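> Take this structure, written in structure tokens, and hold onto it; I'll ask about it next.
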Ligand code: SF4
């Protein structure tokens, strides 16, 4: 999972592997999910995808700005 999340941060910076269009669709799903939490430690990370800015998934603990751009999967199979 760490590898996938690191790839997500890379994609956050590069905007390559997972397209921003896909990331945006995922972010919308996360935004409506009860497992989304706002993380104080993540608050400084700005994101064009404001739906997931500063947020993490309480199911896997992953920062969502990276997760939605990674090759990881949603732990609830929502995307
Ligand atoms: S990754 Fe899945 S479980 Fe986690 S917040 Fe997003 S939709 Fe919900």
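Numbering (this note's numbering), first residue to last: 295 to 373.
Ideal placement from N, C-alpha and C gives every residue a C-beta, glycine not left out.
None of the values given here were measured: they were computed from a predicted structure.
Do residue 300 and residue 317 have their C-beta atoms closer together than 8 Å?
Here residue 300 corresponds to residue number 6 of the chain shown, with the count starting at 1. Here residue 317 corresponds to residue number 23 of the chain shown, with the count starting at 1. Not in contact: residue 300 and residue 317 (Cβ atoms no closer than 8 Å).
> Mind checking residue 349: buried by the 16 CB within 10 Å criterion, or exposed?
By 1-based counting over the chain shown, the position of residue 349 is 55. With 16 or more Cβ atoms within 10 Å of its Cβ, residue 349 is classed as buried.
> Using the Cα positions of residue 314 and residue 346, report the straight-line distance between them to the nearest angstrom.
As a working note, residue 314 is residue 20 in the chain shown. As a working note, residue 346 is residue 52 in the chain shown. The alpha-carbon atoms of residue 314 and residue 346 are separated by roughly 13 Å.
> Give me whichever residues DSSP pairs with residue 371 in a beta bridge.
Translated into the one-based positions of the chain shown, residue 371 becomes position 77. In DSSP, residue 371 forms no bridge with anything.
> Please report the distance separating the alpha-carbon of residue 302 from that of residue 359.
Within the chain shown, numbered from 1, the residue matching residue 302 stands at position 8. Within the chain shown, numbered from 1, the residue matching residue 359 stands at position 65. Rounded to whole angstroms, residue 302 to residue 359 spans 8 Å at the Cα level.
> For ligand 1, any of its heavy atoms closer than 7 Å to the Cβ of residue 373?
Start at 1 with the first residue of the chain shown, and residue 373 comes out as number 79. Yes, ligand 1 has a heavy atom inside 7 Å of this Cβ.
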